[in-house]
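Residue numbers (the working numbering): 779 to 982. Where is the CB? At the ideal position from N, CA and C, for every residue including glycine. Inspection log for the structure reproduced underneath, given as structure tokens.
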DNA sequence: ATGAGGATCCTCT
DNA sequence: GAGGATCCTCATA
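Right, dumping it as structure tokens:
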């Protein structure tokens, strides 16, 4: 990984999350090339009741405690996978969930994976939709996103100016739903639909 | 060994 | 806006 990328990823998860907006995830999984430009992210870290690492290392979350720049992929709701970029120094359990993006390469492959009726804007407009378009599952947990030989890579772009970024509460969680740890690019049609968890308190 | 719940999505009303 | 799909992971015992 370049020293510039390293500097970005070593930061606090809430700094890294907005910095990943506009970055491109490139997948060669399944022998097909699909690239997605990220438009929505969420920060998760160890001192955070909503994070998988809140109760310490387990076999599932161990890569979140590893070096930054690797993929943390988890399985949820009995059928969905979600992709995170591990951040902060090794030993700290922190990552950024990639919640939504725009398919910019391999739309035909993404469409085939998602189904023929899915609208173009919706191909990767959600964390599980994004992994499905990219062909990601639990077997890809731990991949180095900054290794030139990896079938799954992350390309950082320039930082987006603050006035192009919106901030709000994270989606689908019970705990710490008041924190503004979700970030998205304003005016993007591929941002996921916001569905507040039934048990979550409202923003002040 | 067991049970509850989950960083979601789709379909239908 | 509600409900079901579907199974892994973790906590408790």
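Terminal residues of the continuous beta strand (DSSP E) containing residue i?
i           : result
residue 849 : 849 to 854
residue 805 : 802 to 805
residue 817 : 812 to 822
Short check: CB of residue i to CB of residue j, under 9 angstroms?
i           : j           : result
residue 875 : residue 819 : yes
residue 913 : residue 824 : no
residue 802 : residue 813 : yes
For residue i, does the count of other Cβ atoms within 10 angstroms reach 16, so buried, or fall short, so exposed?
i           : result
residue 963 : buried
residue 909 : buried
residue 936 : exposed
residue 776 : In the structure as shown, the chain begins at 779 and stops at 982. Residue 776 is therefore absent and cannot be evaluated.
residue 879 : buried
residue 855 : exposed
residue 868 : exposed
residue 951 : buried
residue 877 : buried
residue 826 : buried
Tell me the rounded alpha-carbon separation between residue i and residue j.
i           : j           : result
residue 943 : residue 783 : 20 angstroms
residue 945 : residue 939 : 13 angstroms
residue 842 : residue 919 : 10 angstroms
residue 897 : residue 860 : 20 angstroms
Residue i lies in the alpha helix (DSSP H); which residues open and close that run?
i           : result
residue 784 : 781 to 787
residue 794 : 791 to 797
residue 774 : With the chain covering 779 to 982 only, the question about residue 774 has no answer from this structure.
residue 912 : 905 to 912
Review point. Is it true that the segment 823 to 838 meets the segment 897 to 907, where meeting means three or more beta-carbon pairs spaced less than 8 angstroms apart?
Key: no
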